[in-house]
Structure formats: C-alpha cells, structure tokens
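Chains A and B, in that order, give the protein sequences. If you number the first sequence the way our numbering does, the last residue is 396 and the count never jumps. If you number the second sequence the way our numbering does, the last residue is 1145 and the count never jumps. C-beta: ideal position from N, C-alpha, C; glycine also. Here the structure is laid out as structure tokens; the discussion comes afterwards.
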Amino acid sequence: MKTIYADNAATTAMSKTAIDAMTPYLAGIYGNPSSLHSAGQAAKEALEAARGKIAALLNADPQEIYFTSGGSESDNQCIRSAATAGAAKGKKHIISTAFEHHAVLHTLKQLEKEGFEVTLLDVHQNGVVKAEEVKAAIRPDTALVTVMFANNEVGTVQPVAEIGKVCREAGVVFHTDAVQAAGHLKIDVKAQNIDMLSVSAHKFHGPKGVGALYCRKGAPLMPHIRGGAQERNKRAGTENVAGIVAMAAALAEACASMDENAKKVSALRDELIKGLLKIPHSKLNGDVSLRLPGNVNMCFEGIEGESLLLLLDARGICASSGSACTSGSLEPSHVLLALGLPHEVAHGSLRLSLSEYNTEDDVKAILKAVPEVVAYLRSMSPVWEDLEKGKIPHLI
Amino acid sequence: MALYSDKVMDHFTNPRNVGKIEDADGVGEVGNAVCGDIMKIYLKIENDIIVDVKFNTFGCGSAIASSSMATELIKGKPLSQALELTNKAVAEALDGLPAHKMHCSVLAEEAIRAAIKDYYDRHGIEYDKSKFPDPAEEEHKADED
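Structure representation (structure tokens):
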C-alpha cells in the first residue's frame, strides 16, 4: 500500500538537497567548530556559511542568527529573554494569543507563575489576530508581544508586518513563532519589523532537532542553556553542524522555489477543501484565504477525530486531528476552541497538511477515502443519529 | 500500530455487533459528546439471557473496540453474568488499553449496566439499586485515572 503523507505541519520528509548537504558533515568533516585545528575550522567555516545563508534568506545580519535545537527552544529563549529584560525595567506584561503553540503558551504560563501578567488576544472565528487589537492591548508596562506567523493547526497567516509596525512604534519587543511559515511564506525581518523570530528545520524538509532564532541587534537575548561560549555566549553546547548545514540548504531551496511550491500546493489544498466540503455538515476551520498553502483543517459533525485518523491510516493516509483522544488529554485542541468551536465539533477535526511532494493522485485518494470513512463512522455514531433525527441541533 | 494492541485494532477496524435493535428490551446510553465519547447498547433479552446485543458508538478507536469486545463478552450470557462484567475484563480481553484510554472500557461496562437497568425499569423487575450507581459519578472517577 502506498503511503500518502499529508501531515507536513507535523514534520516533513527531508529533501535530497538537505540530505546531500548534511552527509559530508556526518562522515568526513566532523570537527568541533570550537577546535583550533584544521578539522575544527572546516566545520566552523560550514557553520558560518550556513549562518550567512539563513540570515540572507530572512534579510537579517549573520550576527543576528543563533542556532538552537528547534522551534520550542527558540520560542523559550526569545520569550524568556524579552521577559527578563522587561522585568529589569519594571515591565511585566506580555501580549500573545490564545492559539499559540504550546512552546509559547506553556512558557507564558510559567512566567505568569513568576509574576508576569499575560493578555491573550482573541483570534476571532477566522483565526486571525487584528493588529489594532494588539495596539489597544499595549500598556506602558508591556515587555513583549509574541504572535505566531502562521498557526500550526488551522494554518491561518497573521498580519505580522502590521503587528510589527504597531510594536515598533510603541517600543515593545515583537517575537514571532515562524515555525510553520519559514520556507513557505515570505519573511523579511526588517520590512516586517520583527525583533525576534523562531524557526525549525524539519518543517521545511530539513532535519529534526535543529532550528534557529533571529534576534535583532539591540533586542535582548539571554542564554537559555549555559555552558561554553558557542553562539557568542548565547547558546552553549557543541553546534549540530551537519543539521545546521542541512537546515540552511533546505531553507535556501524552499525559499528559491517558494512561489512555485505555493502555487502547486495551494491548488491541491483548494481542491481538497472543495471536495471535503461536499460532505454534509462539514466545516473548514480558519480563514479561507489567509492560510498556509498546504493547510486543510476541517470538522465533520457526529464523529470523533482519532477513529477517523486510524481508519485513514489503515488506508495509507497520514493525517492529524485536534480531538482530545489524539492529544492524550480530555480536552480537544486549544486552537479549535480558541476559534470558538464547540467541544463536540472540535472532537471531529481533521488536519491535512500538504507539501510540494504531494500529487494530484494523493488528493484524489484522500477525497475518496475521507467521505467513505466519515460516512462509516457516522453510521455507527449515536450522536449522528440524534443529529439526523433532530433530537439535537446540527451545529455546523 | 504501536498505540493499540492487534486485538484493539481488530475490534476497531472490524467491530462486532454494530447496529441497533429496533424492538430492544433495554437500551443504555452513557458518556457525552462534549467529552468525545458516547456509547449506546441495545439488548434483546429472553428468559434472563442476552440473546442479542448491538452497539452504536461515537468515540475514538479504543471506545469502538471496547464496545465491540464488551458486546461479544455478554452475548448469549445470563444477565447476572453480564452485570459482573468489569471494565478490566473488557480491557484484558483486548490485550490491554493505554492508561489514558482505560475510561473507554469503563464506558462499556457502564453502558451495559445502563441497558440492563433500562430493561428492569421497563419491565417492572425489582433490583438492588445500590448495584447501579450513577454513571455520571463513575465517569468522574474514570477521568481521574
């Protein structure tokens, strides 16, 4: 059975370009970049070349790029740094949104315990934050605004440039978790007035376990992991040279083919959305147009997401859901709840996230499988029976 | 699939006794859609024997598998035996469930008890009420697992 991988928001397959870039640094050029000898200096050169490449792709300076273990570490370090710097000036207020990644939300929750006040902005029914609401929430004691570039579950793209402008005018540090955006959407840290930004290599066909953060010169950055003097004293630990080189290669490739990929992938996405909306009592979650090229997120009433995923997996389709049962908790996805979806609807969600490696045939197979599986699960669902008999009202 | 045992996957992808019994003698429904699990069990009873049983379930893979296994375990059995079916027995028959899915087997046990209670109520049969605790409270207990 052919596997149809439609979970690219979770992780992507590594590109050949990234693998080819990486392998020399696993085998031959294995020196420690901190070593003075030639083996170490060869690794150091590769490291700095990767830094320069990534900086150029984000319109940053090389000295503003720091390598980390991934998106979560970058988020943690950026937010903590801005919070600590703010607190030193008596500023202990942070603005964010209710549908950030847990790497952001859980860091903020911890900061609340440490005496910070957090305002979580409404993301509205369409999953898009309003820049004027960011502006209205800024107070004299606001230390940081952190709003994601694009949401990982519903794929909605935030007005980052507008938010950046509002923050710059107010003199507040602006961080954006760009994990889902990098390599897929245009990022220009200067034009978009971004002070801090997080990326993760494995979301754009790079390897897992490696990421980067951008911190504008003059914005506060403090070490999160302490130890050696790597990354100009901001991130201790021997650099993941092979991973970093592969990340730079993957990002360069993704950015070079961004328009072409977006055109192809969004056409597949729109075909999927159009086909899936034919299923009665289904709904697209998140804004129709302000969304990542590869993101499809739907709810189907009367069924539960985990059983849907398992039956799709049995047909070779890898997808994701925001149901409680897939999260290991009793609550469905905080993102879907933030969009105002009722619990019973949020349980029946399906996320399909495409990449340029997906094909027209994949879409056809998904459009055949999903309606059949949904109909099958509905046929044994007492909730669906009650909905159809009018005992309980349809919500979507 | 590593998440579930082969037995769970078998009963999930190929569930036994799915459906409804239009002239059921007892029907039990437990769980709620907000939490993401609803199980409904239909019983056909003759001379205190469960001669037929069907289920409808809204829920995850283990909820559907638990319903399927529970119906298999009580089919053809006297009511007294069905009342002794525990959630642990359902989970064991499925070669185990992940810890955070044990509440699915609890729902199956409760749905059967609710269906038997409904049968007693409908037919004016006396029963020991203490043996039928409020499923809502049981659900809370399961949530804390």
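CB-CB length for residue i against residue j, believed under 8 Å
| i | j | result |
| --- | --- | --- |
| residue 463 of chain A | residue 95 of chain A | Beyond the ends of chain A as shown, which are 1 and 396, falls residue 463 of chain A; an answer cannot be given. |
| residue 139 of chain A | residue 93 of chain A | 5 Å |
| residue 21 of chain A | residue 249 of chain A | 4 Å |
| residue 121 of chain A | residue 133 of chain A | 6 Å |
| residue 150 of chain A | residue 170 of chain A | Wrong, their Cβ atoms sit about 23 Å apart, outside the cutoff. |
| residue 1045 of chain B | residue 1025 of chain B | 4 Å |
| residue 1089 of chain B | residue 1029 of chain B | 21 Å between Cβ atoms; not a contact. |
| residue 352 of chain A | residue 13 of chain A | Incorrect: roughly 16 Å between the Cβ atoms, too far for contact. |
| residue 213 of chain A | residue 198 of chain A | 5 Å |
| residue 1107 of chain B | residue 1063 of chain B | 7 Å |
| residue 163 of chain A | residue 147 of chain A | 6 Å |
For residue i: DSSP bridge partner residues
| i | result |
| --- | --- |
| residue 298 of chain A | A:284, A:350 |
| residue 211 of chain A | A:68, A:200 |
| residue 317 of chain A | A:4 |
| residue 293 of chain A | Beta-bridge pairing links residue 293 of chain A to no other residue. |
| residue 1039 of chain B | B:1030, B:1057 |
| residue 135 of chain A | Note: residue 135 of chain A sits in no beta bridge, so no partner. |
| residue 1044 of chain B | B:1052 |
| residue 12 of chain A | Beta-bridge pairing links residue 12 of chain A to no other residue. |
Limits of the alpha helix (DSSP H) - the one that residue i falls within
| i | result |
| --- | --- |
| residue 25 of chain A | 16 to 27 |
| residue 1012 of chain B | 1006 to 1013 |
| residue 1131 of chain B | Note, residue 1131 of chain B: premise wrong, no alpha helix (DSSP H); not H, not E. |
| residue 164 of chain A | 160 to 170 |
| residue 1106 of chain B | 1102 to 1122 |
| residue 261 of chain A | 258 to 276 |
| residue 1081 of chain B | 1079 to 1083 |
| residue 113 of chain A | 102 to 113 |
| residue 341 of chain A | Neither: residue 341 of chain A is in no alpha helix (DSSP H) and is coded neither H nor E. |
Any chain A beta carbon closer than 7 Å to residue i
| i | result |
| --- | --- |
| residue 1036 of chain B | yes |
| residue 1024 of chain B | no |
| residue 1058 of chain B | yes |
| residue 1117 of chain B | no |
| residue 1061 of chain B | yes |
| residue 1018 of chain B | yes |
| residue 1054 of chain B | no |
| residue 1064 of chain B | yes |
| residue 1144 of chain B | For residue 1144 of chain B, the predicted structure reports a pLDDT of 41, less than 50, and the residue's modelled location is therefore unreliable. The matter cannot be settled from this model. |
| residue 1071 of chain B | no |
| residue 1040 of chain B | yes |
| residue 1086 of chain B | no |
| residue 1082 of chain B | no |
Boundaries of the beta strand (DSSP E) in which residue i is found, first to last residue
| i | result |
| --- | --- |
| residue 96 of chain A | 93 to 97 |
| residue 360 of chain A | Careful: residue 360 of chain A lies outside any beta strand (DSSP E), inside the alpha helix (DSSP H) at 360 to 379. |
| residue 144 of chain A | 142 to 146 |
| residue 404 of chain A | The requested residue 404 of chain A does not occur in the structure, where chain A is confined to residues 1 to 396. |
| residue 1127 of chain B | That residue, residue 1127 of chain B, is in no beta strand (DSSP E); it is neither H nor E in DSSP. |
| residue 1056 of chain B | 1049 to 1058 |
| residue 118 of chain A | 117 to 121 |
Chain E contact for residue i (CB, 7 Å cutoff)
| i | result |
| --- | --- |
| residue 38 of chain A | Of the protein chains in the structure, A and B, none is chain E. |
Within-7 Å CB hit, residue i to chain B
| i | result |
| --- | --- |
| residue 196 of chain A | no |
| residue 172 of chain A | no |
| residue 314 of chain A | yes |
| residue 390 of chain A | no |
| residue 382 of chain A | yes |
| residue 453 of chain A | Only positions 1 to 396 of chain A appear in the structure, and residue 453 of chain A is not among them; the question remains open. |
| residue 289 of chain A | no |
| residue 343 of chain A | yes |
| residue 347 of chain A | yes |
| residue 319 of chain A | no |
| residue 324 of chain A | yes |
Cβ-heavy atom distance, residue i to the ligand COA, below 6 Å
| i | result |
| --- | --- |
| residue 220 of chain A | Annotation note on the ligand COA: not contained in the displayed structure, which lists no ligands. |
Original post:
Between the stretch 267 to 275 of chain A and the stretch 360 to 367 of chain A, do at least 3 Cβ pairs fall closer than 8 Å?
Top reply: yes
Subject >> At least 3 beta-carbon pairs within less than 8 Å: the stretch 143 to 159 of chain A vs the stretch 227 to 241 of chain A >> reply: no
Original post:
Is the stretch 255 to 263 of chain A in contact with the stretch 23 to 41 of chain A, if contact means three or more CB pairs nearer than 8 Å?
Top reply: No: the two stretches stay apart, fewer than three of their Cβ pairs being nearer than 8 Å.
Subject >> Validate contact between the stretch 1073 to 1090 of chain B and the stretch 1032 to 1040 of chain B using beta carbons, cut 8 Å, 3 pairs >> reply: The stretch 1073 to 1090 of chain B and the stretch 1032 to 1040 of chain B do not touch, with fewer than 3 CB-CB distances between them shorter than 8 Å.
Original post:
Is the stretch 315 to 322 of chain A touching the stretch 1002 to 1016 of chain B in the sense that three or more CB pairs, one from each, lie closer than 8 Å?
Top reply: no
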